[in-house]
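Below: one structure, written as structure tokens.
Chains as they are written, first to last, in my numbering: chain A, 181 to 591; chain B, 58 to 272.
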């Protein structure tokens, strides 16, 4: 935020309050007057969409807890009770269930937008790293939430994911026993997952505030990737981006509603509508779609410890992205080689997701291994090399120049 | 001992007073350092001691630890049949192996095994993973082991995988884990895939000729 606050209390009460707690000025500076690059495209609306989805998940979640029973013999039937008996229970549960998927759809678009436009580069490294932490908390929250209905995929998902920690040398078994509260996933596990699933979204909300704070120090990146040079390059957040974000949020919610009402189980797993059975693993066990690429990486490595390490590294490597990309040009728009490679990388991520959804045999294993190698090579070899070897295009002088150049070109 | 700051030469009564106060303050800083460290240490130990119950509460409680044992009647399990039982929350395989399965397990060379240890809680840690060391002598047709894949804990599927005995169109013995593709042979030893260890044999003993107690 540059310059002094534009907020002037107009009433005596407003002035009295402002001198004691300047929260109205703070809100006006950050949610209304905040100078925002005037060329942001619709890929920039997913931050706002994500904030809305977090609120949707918290509200529907609090309501579901009013009817849910976190006990191993009752959990499954209490979810069915929500679906059949509770007034609008089916709708609220489907909103929560599909809300998780749409939360991840939005976060993946948000992350790939950041990668394409180089939003992680100086001075926004901390902003990016807080984003990766948000993503990790989201994954943990969604995983524990998926366990709560205590269906058979819930149970085996919980068992497989907690067993990842058994790969830790020497203390692995002690750690899994500690996580489970027993010698297998059982009622104590369900109870603690429920407790944490309720807690983590509020932790998430706190970290989101840090994320916005870290955003409001340097201000937004933008499609040109060049910094704001004068006030001419910006518009106030309200009404320009409240309207643009608002429109995008409505469109996003329409698509979300289509799934909630017309395809509520499209992204679900039918096996999870059978109660948990500790004696029978589902024939094709697989996690929710948003974990599939990482699951494919885990399965590609024929060694337990290294498979687990590769899976965690594939996420944690994102923390180092600001330093792995050696290019000084931020936006992919002006980086011809990177631009091409970005889409190859995106396709590799989608292909890994596809492999993760398939059984672990035959050609799927080999393809999984090839794609895993590419995934890591992208970060460790390709990205640093492109930055050093590529000849970027000429950058515009300012955001305003770029906007004007395009408006005259279209005449 | 920290160095005293140079406050310049003594020049008059007022300056002297300032210096004396500064000296006095510096002497107490050393006491203050001690107090800070002592307080910090007590607080740190206290924090760790308080944290422990909050960590340990997640470990198995007394009800879970009350170790249940289970009796299994083997006479009802036909040759070539396998039953899955639940013991301490985990599934256990009890398989009545065929002669072909036992022969196949015995024919395996030790150097072909990924995990050379017998993983039999009734034997010694140093036992080699021979077929004999995974069963009870004279009762080698009954293979009792945890039905928990040593990779990530799924229940492997019996009569399947590359290490089963193939007779015509049917497979017998051998296990395949559907989660991540680990394959076990007719003695439950890991042969292929990401799992690191043989399926462990739980503690059990024969109560009579046809009855065992697990646990």
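Built from N, CA and C at the ideal position, the CB exists for glycine as well.
### Message
Please state the DSSP three-state secondary structure of residue 299(A).
### Response
In the three-state DSSP reduction, residue 299(A) falls in the coil class, being neither helix nor strand.
#### Entry: Straight-line Cα distance separating residue 186(B) from residue 167(B)
Roughly 7 Å between the two C-alpha positions.
### Message
Pairs of beta-carbons, one from the segment 114-127 of chain B and one from the segment 168-183 of chain B, closer than 8 Å: are there three or more?
### Response
Fewer than three beta-carbon pairs drawn from the segment 114-127 of chain B and the segment 168-183 of chain B are found closer than 8 Å, and the two stretches are therefore not classed as touching.
### Query
In chain order, what residues of the segment 463-497 of chain A put their CB closer than 8 Å to some CB of chain B?
Against chain B - using a Cβ distance shorter than 8 Å - the residues of the segment 463-497 of chain A are 463, 464, 465, 478, 479, 481, 482, 483, 484, 485 and 487.
### Message
If we define contact as Cβ-Cβ less than 9 Å, is residue 383(A) a contact residue for chain B?
### Response
Closer than 9 Å: no.
### Task
Measure from the alpha carbon of residue 370(A) to the alpha carbon of each residue in 326(A), 530(A), 223(A) and 388(A), then state which is nearest.
Checked all of 326(A), 530(A), 223(A) and 388(A); the closest Cα to residue 370(A) is 326(A).
### Task
Using a Cβ-Cβ cut-off of 9 Å, state whether residue 343(A) counts as contacting chain B.
Taking Cβ atoms only, chain B reaches closer than 9 Å to residue 343(A), which makes this a yes.
### Query
Residues in the segment 346-365 of chain A with C-beta within 7 Å of chain B's C-beta atoms, listed in sequence order?
Taking 7 Å as the Cβ-Cβ cut-off against chain B, the residues of the segment 346-365 of chain A that qualify are 357, 358, 361, 362, 363 and 364.
### Task
Could you tell me if residue 237(A) is buried or exposed, where buried requires 16 or more neighbouring beta carbons within 10 angstroms of its beta carbon?
Label assigned to residue 237(A): buried.
### Task
Would you identify the three-state DSSP class for residue 130(B), choosing helix, strand or coil?
Strand.
### Query
Using 8 Å as the Cβ pair cut-off and three pairs as the minimum, do the segment 400-410 of chain A and the segment 501-518 of chain A touch?
Yes, they touch.
### Cross-chain neighbours of residue 209(B) in chain A, by beta carbon under 7 Å
Against chain A, the beta carbon of residue 209(B) has neighbours under 7 Å at 340, 343 and 344, listed in chain order.
### Task
Report the neighbours of residue 228(B) on chain A: residues whose CB is nearer than 8 Å to its CB, in chain order.
Per Cβ cutoff of 8 Å: no residues; residue 228(B) is ~15 Å from chain A at best.
### Message
Would residue 273(A) and residue 262(A) qualify as a contact pair, given that the criterion is a beta-carbon distance under 9 Å?
### Response
For residue 273(A) and residue 262(A), yes; Cβs fall inside 9 Å.
### Message
If the criterion is Cβ atoms closer than 9 Å, does the pair residue 441(A) and residue 536(A) meet it?
### Response
No, the pair does not count as a contact, with Cβ atoms beyond the cut-off.
### Message
Closest to residue 248(A) by C-alpha separation, out of 499(A), 264(A) and 233(A), would be which residue?
### Response
Residue 248(A) has its Cα closest to that of 264(A), out of 499(A), 264(A) and 233(A).
### Query
What's the call for residue 303(A), buried or exposed, on a 16-neighbour Cβ count within 10 Å?
Per the 10 Å Cβ criterion, exposed.
#### Entry: Distance, residue 354(A) Cα to residue 179(B) Cα
Their Cα atoms are separated by approximately 21 Å.
### Message
Here's a check: name, in chain order, each residue in its chain whose Cβ is nearer than 6 Å to the Cβ of residue 425(A), leaving out the five neighbours to either side.
### Response
Non-local C-beta neighbours of residue 425(A) in its own chain, meaning closer than 6 Å and more than five positions away in sequence, comprise 225 and 228, ordered along the chain.
### Bounding residues of the alpha helix (DSSP H) (the contiguous stretch that carries residue 198(A))
192-200 is the span of the alpha helix (DSSP H), which, as asked, contains residue 198(A).
### Positions along the segment 248-263 of chain B whose CB lies within less than 7 Å of some CB in chain A
If you check each beta-carbon in the segment 248-263 of chain B against every beta-carbon of chain A, the ones closer than 7 Å belong to 250, 251, 252 and 253.
### Contacting residues, own chain, Cβ-Cβ under 8 Å from residue 144(B) (five flanking each side not counted)
The beta carbon of residue 144(B) sits closer than 8 Å to the beta carbons of 125, 127, 259, 271 and 272 from its chain, once the five residues preceding and following it are set aside; these are given in chain order.
### Message
Please report the straight-line C-alpha distance between residue 497(A) and residue 378(A), rounded to a whole angstrom.
### Response
It is roughly 28 Å from the alpha-carbon of residue 497(A) to the alpha-carbon of residue 378(A).
### Message
Rounding to the nearest angstrom, what Cα-Cα distance links residue 591(A) and residue 436(A) in this structure?
### Response
Note that residue 591(A) scores a pLDDT of 49, beneath 50, so its modelled location is shaky; the value from the coordinates is reported in the next line. Annotation: residue 591(A) to residue 436(A) spans about 37 Å, alpha carbon to alpha carbon.
### Task
Note down, in chain order, every chain B residue with its Cβ under 8 Å from the Cβ of residue 541(A).
Neighbours of residue 541(A) on chain B, chain order: 238.
#### Entry: Under 9 Å from the C-beta of residue 460(A): neighbouring residues of chain B
The answer, in chain order, is 141, 148 and 212.
#### Entry: Best match in 380(A), 362(A), 266(A) and 259(A) for proximity to residue 317(A) [C-alpha to C-alpha]
Comparing Cα positions, the closest option is 380(A).
### 6 Å CB neighbourhood of residue 421(A) in its chain, flanking five on each side removed
Excluding residues within five positions, the ones whose Cβ falls inside 6 Å are 216.
### Query
Going along chain B, which residues have a C-beta under 7 Å from residue 336(A)?
Against residue 336(A), the close residues of chain B are 211, in the order they occur along the chain (beta-carbon pairs closer than 7 Å).
### Task
State buried or exposed for residue 250(A), treating a residue as buried only when at least 16 other CB atoms are found within 10 Å of its CB.
Buried, since its Cβ has 16 or more Cβ neighbours within 10 Å.
#### Entry: For residue 254(B), the three-state DSSP class (helix, strand or coil)
In the structure shown, residue 254(B) falls within a coil segment according to DSSP collapsed to helix, strand and coil.
### Query
What in chain A is Cβ-close to residue 182(B), meaning under 7 Å?
The contacting residues do not exist; residue 182(B) stays about 15 Å from chain A at best.
### Query
So what does DSSP say about residue 599(A), is it helix, strand or coil?
Any question about residue 599(A) goes unanswered here, given that chain A covers just 181 to 591.
### Message
Is it the case that the segment 241-250 of chain B contacts the segment 217-226 of chain B, given that we only count it when at least three CB pairs across the two stretches are under 8 Å?
### Response
Counting Cβ pairs under 8 Å, three or more are found: they touch.
#### Entry: Buried versus exposed call for residue 176(A) [16 or more other C-beta atoms within 10 Å across all chains shown]
A question about residue 176(A) goes unanswered here, because the residues of chain A that appear run from 181 up to 591.
### Query
Given a threshold of 16 other Cβ atoms within 10 Å of its Cβ, counted over all protein chains shown, does residue 149(B) qualify as buried or as exposed?
Taking all protein chains in view, the Cβ of residue 149(B) is crowded by 16 or more other Cβ atoms within 10 Å, so the residue is classified as buried.
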